[in-house]
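Numbered by the working numbering, the letters in the sequence shown go through residues 212 to 882 in order. Here's the structure, in structure tokens; my notes come after.
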Amino acid sequence: MKINRKLAPIPLALSIALTGCIEVDDDSNDGVIDALNQQNTILAEQNQLLSDQVDNETFTVTFAGIVVNSGTDAPAANALVSVLQGDTVIVDGIEAVDGKFTVEGLPANSDLIILVSSTDESLLPRAFFVNTSSASGGNVYSDIGELSVSEPVDISFSIVNEASGEFITGLSFTGYSYSGEPGSTAFDYLHQSTYNTDTNQYDITLPKDLYVTLTANVDLDDDGEPDFDIEPSSVGSTSGSLLYLYQANTFEDEELVLTPSVDDVVEDKLISISLIDANGSIVEGAVFSMQGEEGIESTYNDAEEAYTVTVPFDGNVQLSMPSLTVNDTTYSSGYIWVNQSTDSSTGEVSLNIQTSGYDSNSYYTIADSDTVSIVLLAREVEAQSNLEVVTSSINSETFAYSVYYSEAVTLDESEALLSYNEVSITLGNESDSDSVPAGYTYINSNETSVPLALSEALNGTKQTLTPDAELTSNTEYTYTIGSVSAQSDEIDVEFYEDDYTFVTPVSGAEVFDINDVIIDNENHYSNGTIIVPENTAGQLSSVSDWSSSVYMYFPVSINTLNYLIISTTGYNEGGTPYPLSGQYAIVFDGDINISKSMALKVADNENVSNNANVNYVRGTSIDSGIFKYRRYMGVYASDNTASYQSTVTFSYEYQTLAGEQESGTITLPVQ
């Protein structure tokens, strides 16, 4: 059934014909000119009308699916499918054939409801909240698969007050079996109970083969507290003021028992706390406060050498103690929990004492009484400062680093560091005095510091670290600030928030040139000649000049680009051209999408110890220690030589950060 009709398309020739107007030259024939001007006006109006028609052309969505009876897992008989948009019916009662249905002409990019019912009430109506996709490019066909529905079943159950034995009336049970993310009309598809005064049961019709959970508000007096509770089980449970009945569609004249809620009994309980240090001396100056109740806190009793606090006790209470400093000794903050429990077999009531933040016993049980005495061993800790890092910033030109603190601080020069990791390569035959054995190459990383100048501003709250030497381009540096101390308390504090890592930009002299790109198969040969014929122990390499995986190597100058797109078109192997299709966003929006590796020019039988944990590649023609960005090309190839052609062709397009654009096609040899 089609709901919307598309506007007829405009013939191309007519569209082109109406886009122009008749050119009129000013001459002495005024009558002709007026007529032509009127004709121009008519043509313009017709053109606008047809243009509006094209702009308003509406594409639609077609849904196809199958209605399945969840009780038999077979196509449902006598199913009817309707479609609603909110409360508006846009497709009414399509009869499914062997469960299958197709609905055409649905609005695109819309929230809809598919309502499945039946011609003979053999199926309980079920709503499916769905969304249609966009159809900006043309009509869309979507197979939405199975829509599971069920036969109806009439359920009856009673609710009994355990205390009085009477039936509980006045409850309203609701449940839902709709599918999908419900919209504003979800309440139209709820299953709602009724109460039968003759049977004292709640009656409700539910889908027989779809699990439905019923809920009811058991706060009958609207005081914000539930009036009944149920023993949690697979049948039901309560949460807050709501009663949940699980899988209610399986009930068979159930009789459910609810327990009337009993208000917690609140009694005053006196808690006496002795806080001592490691020598057994009383620690004065502490405050114990009741959590969740303002104004209830302890007082110190000199005679008893204890802190006392009277709390309203309903079975559990929590007290907190902030950290405190006494005679230059700082003690940890702490918590006390007192929970009442009853032995189900003896009826004996006891109190469970649990503590945190103290060096005394953290859990024990005592007999319940009106007065609770607790002894705590205070835990000594390092003094805590209220100093905080507010923010930090770096000057992109001078690389000066500024940190703002919450109050004036003291920063010693020895606690400030600017460093970078300098990678070194040591060959086994490089020197007789190093510890690198022949046949081995070591890659090491040494932390190198940069001299700094320190300054402060804003009354000591702003600390600035400025490099006192020129930084190397395209290098990662890290500012590290050790401990600082607030001038108010002189407590040393270390923050991770005031450390900062950055990478210096490439040199201004660096200019990207597409001809600097290298194609290399990393096979330890170049132009048919082995690159390093023996290792540092003098042992000859046995590597052969074979085909190998081809990689593109880009210079660090790609850091000066806004984007670089490479599209491979083909490669030539031994004079035979082959297609090679691939597109790579090497740089996009100023971000480089490939990793950087260091070249290591050593023989294939050299043992390499990478103590610097850097990415390195050997087997290339690139000199050792040079960093390049590397990208796999998805092809195997041999070296290009005078007698054997091996090349890769690709197109490129790039834009510099200054906005200059270049594009073209280039063929490069495989090295």
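C-beta atoms are modelled at their ideal positions from N, C-alpha and C, and glycine is treated no differently.
Sub-7 angstroms separation of residue i and residue j beta-carbons
i      : j      : result
Thr468 : Leu417 : Going by the sequence as given, residue 468 is Val instead of Thr. No, they are not a contact pair.
Ser452 : Asn428 : yes
Ala338 : Ile324 : yes
Val601 : Glu708 : no
Leu530 : Ile507 : no
Ser369 : Glu466 : yes
Gly785 : Gly845 : no
Asn192 : Asn746 : An answer regarding residue 192 cannot be provided, because it is not within the stretch 212 to 882 covered by the chain.
Ala275 : Ala290 : no
Asn640 : Ala649 : yes
Ser604 : Ser617 : no
Tyr762 : Tyr843 : yes
Ser544 : Gly526 : no
Asp570 : Leu588 : yes
Thr576 : Ser561 : yes
Tyr387 : Thr426 : no
Gln808 : Gln882 : Looking at the sequence shown, residue 808 is not Gln but Ser. No; because the gap between Cβ atoms is not below 7 angstroms, this pair is not in contact.
Thr677 : Thr712 : no
Which of helix, strand or coil DSSP assigns to residue i
i      : result
Tyr400 : helix
Ser768 : helix
Asp731 : strand
Gly870 : coil
Ser556 : coil
Ser835 : coil
Ser262 : Residue confidence for Ser262 is low, a pLDDT of 48 falling below 50, so the modelled location carries little weight; the figure read from the coordinates is stated next. Ser262: helix per DSSP, three-state reduction.
Asn215 : Low per-residue confidence applies at Asn215: pLDDT is 31, beneath 50, and the placement is therefore not dependable, though the value from the model is reported in the following sentence. The answer is coil: DSSP assigns Asn215 none of H, G, I, E or B.
Gly739 : coil
Glu624 : helix
Ser613 : strand
Asn550 : strand
Asn851 : coil
Ile507 : coil
Gly671 : helix
Val881 : strand
Asn826 : coil
Ile777 : strand
Ile725 : helix
Pro393 : coil
Glu784 : strand
Tyr865 : strand
Val600 : strand
Thr876 : strand
Gln794 : strand
Ala514 : coil
Thr659 : strand
Leu431 : coil
Residue range of the unbroken beta strand (DSSP E) whose run includes residue i
i      : result
Asp161 : Outside the shown range of the chain (212 to 882) lies residue 161, about which nothing can therefore be said.
Trp757 : Note, Trp757: premise wrong, no beta strand (DSSP E); not H, not E.
Asn372 : 363 to 372
Val272 : 271 to 280
Ala810 : 807 to 811
Phe524 : 517 to 524
Tyr387 : 385 to 387
Val537 : 535 to 537
Beta-bridge partners of residue i, as assigned by DSSP
i      : result
Ile379 : Paired residue(s): none; Ile379 is not in a bridge.
Arg653 : Looking at the sequence provided, one finds Tyr at residue 653 rather than Arg. BP columns for Tyr653 point to Thr637, Ser820.
Gln412 : Asn407
Leu665 : Leu676
Glu687 : Val714
Ile692 : Ala627
Val351 : Val272
Ala697 : Val620
Gln682 : The identity of residue 682 in the sequence shown is Leu, whereas the question assumes Gln. Answer by DSSP bridge pairing: none, since Leu682 is not bridged.
Gln529 : Trp548
Glu418 : In the sequence as presented, Glu is not what sits at residue 418; that position holds Pro. Pro418 is bridged to Pro363.
heavy atom of the ligand SAM below 6 angstroms from residue i C-beta
i      : result
Ile741 : Ligands are entirely absent from the displayed structure, and the ligand SAM is therefore not among its contents.
CB contact below 7 angstroms: residue i versus chain C
i      : result
Tyr457 : Absent here is chain C; the protein component of the structure consists of one chain.
Enumerated in chain order, which unbroken segments of the beta strand (DSSP E) with a length of 3 residues or greater are wholly contained in the region 433 to 505? 447 to 450, 453 to 456, 465 to 471, 478 to 487
Suppose only complete runs of 3+ residues qualify. What are the beta strand (DSSP E) ranges in the region 280 to 347, listed by chain order? 290 to 296, 299 to 306, 311 to 318, 322 to 329, 337 to 342
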